[in-house]
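In our numbering, the protein residues as written are 775 to 1333.
Every residue gets a Cβ at the ideal spot worked out from N, C-alpha and C, and that includes glycine.
Heads up: the structure comes next, in structure tokens.
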RNA sequence: GACCCCAUCGUCUAGUCAGGUCAGGACGUCAGGUUUUCAUCCUGAAAACAGGGGUUCGAAUCCCCUUGGGGUCGCCA
């Protein structure tokens, strides 16, 4: 491959909301393809919608991308990524560039000014719909004479610029995954390339930027397939070279609906409607005006924090759809990356689990799957488990510590570093996510006085059933524990195994489970010796005593 | 509705481009087993070429139709 034909790919998100998994997969494919051919991967922020763009959101994208390990060679600067000399990489900074090319099209007659108002167009669309006709812009402004146009301009009438679709010629585009895609003449309408506010539309900006940034391969979601003929025509009119397109199929929810970044808002809105709420719940901390606006506009999105608060107030579980959601849920970045790659691409054969380096060596366009894929959380979870089990123990401890630092700082505050290490290690073999240990190990950081033994089947089974019962054994073992010399997992194991030999017919479970319930308030914990070691002698005995003291209440409830 | 895209176990997929192995793997499911709880772990099983027509000695594979699914139809990207 010559240096001129060096691969250059780009990921071009609009900075609205967080990076969702579909976008992440597109970015990953672009990245992998560039790496595979020693090319460049660029990042460009498509912020030509003044109403929706926000600086914060694009920061979120960068963070999400870099968490996944997708680094970009050119684009916005962020840590060690970004830079490059085909920028600026924010479209809002490139307005003068677009205007130049816009003028070129205007001069050649390939584009023209159109003065219809949004309301007029809206009415025309509705009418077409009512008449069961496909709507297409009627080119009314194309036949305006120059004097009229000049007078409109003098009056300061707002206008857009439309691209004039060449007549009578079918558009054929080659797609690296789909093959030839053909659209007959007359199917396309004269689409808008510059909005009334002077900003280019997506179609125009994307074409100009891809050319100027030397993009050779455009890998993107199939939702863009219908736009591609428009882009091809624009490129032809501008004298640009067409890139290689590769349209990747979409990712769906298990129920078959499109996995959309708006799913959270959808879930929230439908709950709000189901309850007939017209004002935000008291504890959601949302002001009424923005709540009403959000409720009325199905395109509106709540930011993550607000959505989370509202979900809590409503008792709704939000679907995981953004990269950040999976991070919060305790998935490992390399696992998400692996799974995402597998959703729509495969290396062939039976290989499924691989890392970033493998992708960078082996990824190619010809193995991208054409059909849409459903996102299977169970499989992701299984991959995450495999990865955690394969990890070096010390690395896992580091990962869990990092996770807690961000999402569960109380675990670090309430435990000594030694306790935390032991806590992490005792969970490594049994957790599927980084969140599992903190969810199931909440009791570790609770005050001893906060542990309760609610009346439930597993608790009664462990404490009340049998003769001797769990309570009987707890009372019997207390003294032995109190007298134990060195309080650590090994000595606890020796001690309790010996004790079980003489008191439980060598069945360690007979004492393990009552102890587990006594110190945790529930039937689940890490291995019992680790659990007691982490808790320490003082907490263990305090919880034991309180549990024993609750005996009559629980036995009373059981009858 | 119009246009475009897609179609192998429940799910992700290998096999398709160069027709010829009991259609392979993984996740999930089910049945056993190991285990101090949960989670692991081990063994085994059920499970698919959407339907119909061609072409061919032979079709998951090539062609056509039907059906089903999806995308797009914005001064969003």
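8 angstroms contact criterion, which residue i and residue j should meet: CB distance rounded
i	j	result
residue 1008	residue 937	6 angstroms
residue 1206	residue 1159	4 angstroms
residue 1141	residue 1122	6 angstroms
residue 1062	residue 1053	6 angstroms
residue 1211	residue 1174	6 angstroms
residue 923	residue 887	6 angstroms
residue 1258	residue 1303	Residue 1258 to residue 1303, Cβ: 11 angstroms. No contact.
Candidates the options, of which the one nearest residue i by Cα
i	options	result
residue 1004	1086, 989, 885	885
residue 1275	1251, 1074, 1178, 1156	1251
residue 1328	1093, 1066, 1232	1232
residue 826	923, 1077, 794	1077
residue 1068	1103, 1079, 1042, 902	1042
residue 1079	782, 1072, 1098, 803	1098
residue 744	1298, 1260, 797	Look at the range of the chain in this structure, 775 to 1333, and you will see that residue 744 is not part of it.
residue 1313	928, 1261, 1278, 958	1261
residue 717	1094, 1137, 1064	The requested residue 717 does not occur in the structure, where the chain is confined to residues 775 to 1333.
residue 1306	1090, 1279, 868, 1193	1193
residue 1014	878, 859, 812, 1280	878
residue 1188	1094, 1310, 927, 1072	1310
residue 1103	1284, 1277, 896, 1181	1181
residue 1203	876, 900, 1163	1163
6 angstroms Cβ shell around residue i - same chain, five flanking residues per side excluded
i	result
residue 1143	1118
residue 1020	950, 951, 993, 1139
residue 1085	1092
residue 1245	1237, 1325
residue 1243	none
residue 926	889
7 angstroms CB neighbourhood of residue i in its chain, flanking five on each side removed
i	result
residue 1324	1227
residue 977	965, 967, 1001, 1004, 1005, 1008
Pair within 7 angstroms by beta-carbon distance, residue i and residue j
i	j	result
residue 1208	residue 1157	no
residue 1300	residue 1184	no
residue 844	residue 801	yes
residue 1026	residue 1153	no
residue 1057	residue 1087	yes
residue 991	residue 783	yes
residue 1218	residue 1295	no
residue 1298	residue 1230	no
residue 963	residue 1040	no
residue 889	residue 933	yes
residue 817	residue 846	yes
residue 1024	residue 1191	no
residue 819	residue 832	yes
residue 1161	residue 1106	yes
residue 1196	residue 1308	yes
Residues of its chain near residue i, where Cβ-Cβ distance is below 8 angstroms and the 5 sequence neighbours each way are ignored
i	result
residue 1318	1248, 1252, 1255, 1289, 1292, 1293
residue 882	1011
residue 793	787, 801, 834, 835, 838, 839, 1096, 1097, 1098
residue 1179	1186
residue 776	In this prediction, residue 776 scores a pLDDT of 45, lower than 50, which makes its location untrustworthy; the coordinate-derived value is nonetheless stated afterwards. Taken in chain order, the list of residues that qualify is empty.
residue 1225	1217, 1293, 1294, 1295, 1317, 1320, 1321
Residue i: CB within 6 angstroms of a non-hydrogen atom of the ligand FMN
i	result
residue 893	The ligand FMN is not part of the structure shown, which contains no ligands of any sort.
Just checking, does the segment 905-920 make contact with the segment 848-866 on the three C-beta pairs under 8 angstroms criterion? no
The segment 943-955 in contact with the segment 966-973 per 3-pair CB rule at 8 angstroms
no
Would the segment 1128-1139 count as touching the segment 1108-1115 if we require 3 or more Cβ pairs under 8 angstroms? yes
Do the segment 952-963 and the segment 977-989 make contact, defined as three or more Cβ pairs closer than 8 angstroms? no
Q. Are the segment 1028-1043 and the segment 840-860 in contact at 8 angstroms, needing three or more beta carbon pairs?
A. no
Fill in: Any 3 or more C-beta pairs closer than 8 angstroms across the segment 779-799 and the segment 812-830
yes
- Below 8 angstroms, can you find three or more Cβ-Cβ pairs linking the segment 791-810 to the segment 830-841? yes
Check whether the segment 1160-1174 and the segment 1268-1283 are in contact - that is, three or more C-beta pairs closer than 8 angstroms. no
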